[in-house]
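To keep things clear, I will list the structure first and then write my remarks on it.
Residue numbers (full-length UniProt numbering): 1 to 512.
Structure follows, in structure tokens:
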């Protein structure tokens, strides 16, 4: 793509323009193959994402039987948005997508914004897409942000408050529909060994002449099952030519010392097998003291959780709903200049994936606004969707292995051996009596049990069941009267005070 007529001016329709701060921007451009238009916008304070809409304005539709011409054929357009931040890789603030646009059609994309940085919006027509294409570009800035930009849930905290705000200068309301998910597991490993080696005669800087040294760090990574993971050193990653170190290289080996992966400052996924694997990191520098500072550099292993292994985090508008498991947060209209308090509920132990049973940190994102569909189809496979704000959760290793928190064994008072023996004999007699309910043999055995153990509650219950079985067969008034007497005997034996203490609920008279 070739830049065309780049300049600074108003919001008109030249090749390039710069617009004053505002919440809405609109401009018309005339595109053709290989032409790129560049617009520089200053997002207003409080804007956290931008809604970009591109519409072809070709005029009236052609007749249905007309032959295809370059003027009414579809066009392949390119949308590229960029925010440059000091000391950050440009790819972190970049979004690019290809849009196949029909006549008078509209395509949309969303761009995450970092406050205080200029936004460049580039729209171009692909070089092989012929014909002139008039388009209208609309950029609508939106803004809902949390006061805490990186919420973190601690194991055992139960709930976490997150307050979001809507900038007062924004001319629009925002429709809140918060949702949160944890889709990444991070685990940190300390190095098992660290060695500094002096380079050979080829590892020498010419001007000035300095000998290069290499720090070799060795890590042992144990996995309960084979997995595809990313190996990361956040202190060193995402810097190549600007890095203060000469070079960095990592190698991954399986249990048989076979190299299964390698990488540098931008690591791709590596497949590690079940059991112990060895990871080796090599960092070079001309100062040995500088390398010594990295001897304890930790390795971060990252798992992507997909499908059922993702962990959903419930979001509520009310603290009581979060505590008691009430209704989740739905759609809520947030006016400009107002705030809304949200409550995040800690994930249940059963929802934690098995891969996290050895601990680590689950991370993901939380979004706040409803993704309103205005009728335009979003680009297929686009990375332009707003990913939300980072969310993390520290996994509790004491209970993650079983999936549920361990509970103490129930309290059982000590029983003398003789009493335990007597209770076992009584329970055996009661079990046999229940099998004789409604039969003539019940009376003799029940009388013997009463003589041996007295009128204990289990024997009275067995008697009640026997009388009930007889009454169902005879269906006489006398038989049902016997059932009533047996029930009265059971009720009289029940400790009413103890029963009330077991089922009782304290009633607060101040609560209406």
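Don't be surprised by glycine CBs; every beta carbon is placed ideally from N, CA and C.
Predicted model, so just to flag it, every value in this text is computed and none were measured.
Residue i burial status per 10 Å Cβ neighbour count (16 or more: buried)
i: residue 464; result: buried
i: residue 347; result: buried
i: residue 237; result: buried
i: residue 65; result: Interpretation of residue 65 is limited by its pLDDT of 43, a score under 50 that renders its predicted location unreliable; no figure is taken from the coordinates.
i: residue 319; result: exposed
i: residue 449; result: buried
i: residue 129; result: buried
Rounded Cβ spacing between residue i and residue j (contact assumed at less than 8 Å)
i: residue 212; j: residue 286; result: 6 Å
i: residue 108; j: residue 51; result: 7 Å
i: residue 24; j: residue 140; result: 6 Å
i: residue 369; j: residue 176; result: 6 Å
i: residue 391; j: residue 364; result: 5 Å
i: residue 459; j: residue 453; result: 6 Å
i: residue 264; j: residue 248; result: 6 Å
i: residue 120; j: residue 53; result: Actually they are not in contact, since the Cβ atoms of residue 120 and residue 53 sit about 17 Å apart, beyond 8 Å.
DSSP state of residue i mapped onto helix, strand, coil
i: residue 35; result: strand
i: residue 256; result: coil
i: residue 224; result: coil
i: residue 247; result: strand
i: residue 294; result: coil
i: residue 214; result: strand
i: residue 282; result: strand
i: residue 442; result: helix
i: residue 83; result: coil
i: residue 426; result: helix
i: residue 321; result: helix
i: residue 30; result: strand
i: residue 300; result: strand
i: residue 496; result: helix
i: residue 160; result: strand
i: residue 170; result: coil
i: residue 207; result: coil
i: residue 367; result: strand
Alpha-carbon spacing of residue i relative to residue j, whole angstroms
i: residue 135; j: residue 58; result: 8 Å
i: residue 381; j: residue 76; result: The predicted position of residue 381 is uncertain, since its pLDDT is 35 and thus under 50; a value taken from the coordinates is nonetheless stated next. Their Cα atoms are separated by approximately 15 Å.
i: residue 266; j: residue 113; result: 23 Å
i: residue 133; j: residue 31; result: 5 Å
i: residue 246; j: residue 162; result: 43 Å
i: residue 254; j: residue 298; result: 20 Å
i: residue 493; j: residue 325; result: 39 Å
i: residue 482; j: residue 323; result: 50 Å
i: residue 305; j: residue 366; result: 16 Å
i: residue 384; j: residue 188; result: Annotation note: pLDDT 41 at residue 384 (below 50); position unreliable, no value reported.
i: residue 204; j: residue 196; result: 16 Å
Distance CB(residue i)-CB(residue j) smaller than 8 Å
i: residue 260; j: residue 231; result: no
i: residue 311; j: residue 181; result: yes
i: residue 457; j: residue 445; result: no
i: residue 106; j: residue 184; result: no
i: residue 153; j: residue 344; result: yes
i: residue 179; j: residue 389; result: no
i: residue 328; j: residue 313; result: no
i: residue 169; j: residue 46; result: yes
i: residue 220; j: residue 276; result: yes
i: residue 356; j: residue 301; result: no
i: residue 144; j: residue 342; result: no
i: residue 251; j: residue 280; result: yes
i: residue 40; j: residue 118; result: yes
i: residue 214; j: residue 284; result: yes
i: residue 471; j: residue 479; result: yes
Any non-hydrogen atom of the ligand COA within 7 Å of residue i CB
i: residue 463; result: In the structure shown, the ligand COA is absent, as is every other ligand, since no ligand is present at all.
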